[in-house]
Each structure stands twice: as C-alpha cells, then as structure tokens.
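Visitor: Please read through the structure below; I'll follow up with questions.
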Amino acid sequence: MSALRHVIALVLLGLLCGCGQAEPENTAQSTPSDPRLMAKAEALVFQHHYQRMVKRFVDEQGRVIDHSDERLISTSEGQSYAMLFALVANDEALFAKLLEWTENNLAQGDLTTHLPAWLWGRTSDGQWQILDDNSASDADVILAYALLQAGELWQAPRYRALGERLAWLILAREVELIGSHHWLLPGYFGFVDRSEQTVKLNLSYYALPLLKYFANALGAAEWQQVYESATTLLNYHQQGFASDWIVLKHTGELAEQQQAEADYDAIRVYFWWALAAQHDANAKAQLARFVGVPTAVENLGSMAQHTNWLTGAYAEHGPIGFSAAVLPLLEQVAPELAAVERQRVAAMNPASYADNYYDTMLLLYGIGADQGCLNFNASGELKTDWNNPECAYVSN
C-alpha cells in the first residue's frame, strides 16, 4: 500500500499549502472495486436505513428509542437526528410526530421557552420521565435547523418561527463569550468552571454547515463568531485525530487535565468538517489535521474505534457506523480508501447492526451524504433530492 500512502501525503500537502496536486499514481490493483459501480447494495442506500430507523427505533408516538439501554431511553439527540432525516426523506407526517413528542416530553410542552432536556426514559421504580434536564446543544442546533429548513421546504410558517425561536434560545443559553471567542457550550449548565477558570467543549457539537446557515439566515453576528470559533478549537489538535472532549483555560491555553481517548463523539467531527469543506476553503485546508483517519483506514482496513488525539495512537476496528461517517472525508482526501469503507458497509452482515441505534444514525448521515441525499449548499441550506426514490420516503 506504499503507493496509496504516497497519494494521501500528496493530497494532504495540497490541502495545507493550497497548491496543485500531482497526478496520483495508479493504485487500481491494490484497492477494491467501488460498490457504486456495481449493483447497488441496499446498505449503500439512504432510504433503506431510513426505513430501518422508522421500523426499529421510532414508536407510534414519534419517540426515538435506544434499545441498548435497559431504561429504553430517548434523547434530544435521537429526536433531532430523526427529524433531520425525515426532512431529507420528505416525510412530513413523521416529522410532525417527532416534533410533537419532543415538545411534549422534553420541553414541558413549550419549545418557545424551553430547550429540550437531553435524556428521558424509565426510572428504577418504573416511572417514565425526564432523567436529566440539562440541554444538549448539538441536538438543539440540529433541531432548530430542521425546523427552519422544514419551514422553507414545506412552506410551514410555524416551523420556521419555532426554528428561529430555538436558535435564539441557543444563543441565549448555550453560547458564551469567553475571552475573544463565542463558544458553543455542550449544554446549558455544567461546562464552565468559574473557580478553575476553564471551559469544557466538544468539537463534534459544531455542525458547521448548519451553523453557516444560521450565520447567513438569522442576522445575529454571534452565529458567524460561533462558526469561526470551531477553527480556533480545531487548532489545538495536532496529532491527526479529533477529540471527544477538550478543556481550555479562559486564557486560551489547554488545561492540564484532558481526556485523551476519543471515539463516539469525535467520529462526527470528521463528518461535519468534510461537508463544510465542500464549500469553505478554510475548512478544506483544515482537513489535513485529520490525517490520522486515512492512515488508520489504510493500516486497519477500516476506521479505528479508539483514537488518542494527544498522541495520534489508534486501535481496533470501528463499528460499521464509523465506516459510513468518514466517507465524505475520505472521498476528498483519499478516494481509494472511501471505496474500502463502502465495500465494508456493503459487505457487513445487517444483523450485526440492525438493533444498534448509534450505528443506524451514523449510517444515515454517512450514506446520506455519500449518496447525495443529505447535502448542503455554500450558504448551509439543505439540498434535497426528493425525486430520487433512494432518498425520499414513499409510504406503502
């Protein structure tokens, strides 16, 4: 695979310096056939995974259920993801159900004044209720965006107004100016330590195309500043991988104590940055910071499950959702390795991930983007493909 390693180095060098790329060497003999050129495997079709999600993880009320937790939890994350996917699939009926359940059960019946609680489920004494009333800004950003875009695409003024209101609540309760940066806090409380003068952040919460849309469409200068703070946060990453969590001093330096291991949050960083890089030259240049991803895929045959963002170490094959989530990044920096990961998704036994909530969500993101069902323009607006039956939902 030395030829492939040479190609990756050339591509990443080009991203860093902005210079032209050398013509890549022919590596066709060492990489698998691209499944997109063969009969389409259903695992490479967004609509296949969308229907799996609806049948396995969404109940009749519009509650997204994570069956892997004995409390049968629902989260604002799951609700917001499913709403975005319902919009991508042009499934208005499910979108409405998901929104109604979210508002009634996570937001005290009123999303105009309450950010949704992030965790709901069964208590030890059998009660069904909110288990943690803190918010989760990654879910809130996606929820607000889905509402804003649903308002435009489905000509639904209430959705648009509610999305604007949620975006305002996010700015008021989950964005904080510390030093010269407007940071997107992971939740309403618990992430700023006044006594230690530190802030705990999560780069995966920065869904860059969505934040770009807020900056362009909502008129608040803070959204552009939040978008730009993501690059500042990424600059602390020097070893080829993204972090799950990072703690900064208010002075802007890294705190002494860090969580070095990164996996289930970091995987979304590569996804969002790759989509932003399709239209943002700065984001595209920053893809070189994720050199650990193609390196791991080349050496392991799939994206690693465990990475260390402080040392660059990695280990073990990641779950199938990881392979899907890195497709947009690999397609830009090492297309031969994107083919490797597509082949893994197409070949994996569906029974091995059929009941896995997070794998299903990552498959919807990664395959949706790879297939062109989930895409954004330069302003962050959602680009739909509702005439494509592999993207849009058709009820039976």
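Residue numbers -22 to -1, 1 to 374, in mature numbering (1 follows the signal peptide of the UniProt record, and there is no 0), belong to the letters of the sequence shown in order. Ideal placement from N, C-alpha and C gives every residue a C-beta, glycine not left out.
Return the chain-ordered ranges of every alpha helix (DSSP H) run that is complete within the region 262 to 329 and spans a minimum of 4 residues.
Guide: Those alpha helix (DSSP H) runs which fall completely within the region 262 to 329 and span 4+ residues are 270 to 278, 298 to 303, 305 to 311 and 313 to 325.
Visitor: When DSSP labels each residue in this structure, what does E368 get in the three-state scheme?
Guide: Indexing the sequence shown from 1 puts residue 368 at position 390. DSSP places E368 in coil when its eight states are reduced to three.
Visitor: Between S11 and Q349, what straight-line distance do the alpha-carbon atoms span, to the nearest angstrom?
Guide: In the sequence shown, counting from the first residue as 1, residue 11 sits at position 33. In the sequence shown, counting from the first residue as 1, residue 349 sits at position 371. Because S11 carries a pLDDT of 48, less than 50, the predicted location of this residue cannot be relied on, and no value is offered for it.
Visitor: Would you kindly work out how many angstroms separate the C-alpha atoms of L155 and E234, rounded to a whole number?
Guide: Along the sequence shown, read from residue 1 onward, the residue named residue 155 stands at position 177. Along the sequence shown, read from residue 1 onward, the residue named residue 234 stands at position 256. So the alpha carbons of these two residues sit roughly 22 Å apart.
Visitor: Going by Cα to Cα distance, which pick from G99, R322 and V32 is closest to R49?
Guide: Looking up residue 49 in the sequence shown gives position 71. Of the listed residues, the one whose Cα sits closest to R49 is G99.
Visitor: Check each candidate in M281, C351, N353 and Y335 and name the one with the smallest Cα separation from Q321.
Guide: Counting from 1 along the sequence shown, the entry for residue 321 is found at position 343. Nearest of M281, C351, N353 and Y335 to Q321, Cα basis: M281.
Visitor: Work out the CA separation of E152 and W106 for me, nearest whole Å.
Guide: As a first step, residue 106 must be located in the sequence shown, where it is residue number 128. As a first step, residue 152 must be located in the sequence shown, where it is residue number 174. Taking the straight line joining both Cα atoms gives about 27 Å.
Visitor: How is the beta strand (DSSP E) around I51 delimited, first residue to last?
Guide: Here residue 51 corresponds to residue number 73 of the sequence shown, with the count starting at 1. Element bounds for I51: n/a, residue is neither H nor E.
Visitor: In angstroms with no decimal places, state the Cα-to-Cα distance between W201 and A293.
Guide: Counting from 1 along the sequence shown, the entry for residue 201 is found at position 223. Counting from 1 along the sequence shown, the entry for residue 293 is found at position 315. So the alpha carbons of these two residues sit roughly 36 Å apart.
Visitor: Here's the rule: buried if 16 or more other CB atoms are within 10 angstroms of the residue's CB, otherwise exposed. What is S115?
Guide: For the purposes of this step, residue 115 is taken as the residue at position 137 of the sequence shown. With 16 or more other Cβ atoms within 10 Å, it is buried.
Visitor: So, with DSSP's three-state summary, where would you put N180?
Guide: Residue numbering aside, residue 180 sits at position 202 when the sequence shown is read from its first letter. Note: N180 maps to coil in three-state DSSP.
Visitor: Which two residues bound the contiguous beta strand (DSSP E) that contains H159?
Guide: Locating residue 159 in the sequence shown gives position 181, counting from the first residue. Its beta strand (DSSP E) spans residues H159 to L162.
Visitor: Excluding the 5 residues flanking I120 on each side, which residues of the same chain have their C-beta closer than 7 Å to its C-beta?
Guide: Translated into the one-based positions of the sequence shown, residue 120 becomes position 142. Taken in chain order, the residues that qualify are S58, Y59, L62, A185 and L188.
Visitor: Any idea which residues DSSP pairs Q107 with across the strands?
Guide: By 1-based counting over the sequence shown, the position of residue 107 is 129. Per DSSP, G99.
Visitor: Relative to the C-alpha of S301, which candidate in D103, W287 and A274 has its C-alpha closest?
Guide: Counting from 1 along the sequence shown, the entry for residue 301 is found at position 323. The candidate whose alpha carbon is nearest that of S301 is A274.
Visitor: For the beta strand (DSSP E) containing K227, name the first residue and the last one.
Guide: For this step, residue 227 is matched to residue 249 along the sequence shown. That run of the beta strand (DSSP E) goes I224 to K227.
Visitor: Under 9 Å, do H27 and T338 count as touching if we go by C-beta distance?
Guide: To locate residue 27, count along the sequence shown from 1; it is residue 49. To locate residue 338, count along the sequence shown from 1; it is residue 360. It is a contact, given that the beta carbons lie within the stated cut-off.
Visitor: Can you tell me which of the three DSSP states E3 falls into?
Guide: Here residue 3 corresponds to residue number 25 of the sequence shown, with the count starting at 1. Annotation note: pLDDT 38 at E3 (below 50); position unreliable, coordinate value reported separately. Three-state DSSP puts E3 in coil, outside helix and strand.
Visitor: Does N213 come out as helix, strand or coil in the three-state DSSP assignment?
Guide: Start at 1 with the first residue of the sequence shown, and residue 213 comes out as number 235. Reduced to three states, the DSSP call for N213 is coil.
Visitor: Once DSSP output is grouped into helix, strand and coil, what is the label at D348?
Guide: Residue numbering aside, residue 348 sits at position 370 when the sequence shown is read from its first letter. Helix.
Visitor: For residue 395, is the classification buried or exposed, using 16 other Cβ atoms within 10 angstroms of its Cβ as the cut-off for buried?
Guide: Outside the shown range of the chain, which is -22 to 374, sits residue 395, and nothing can be said about it.
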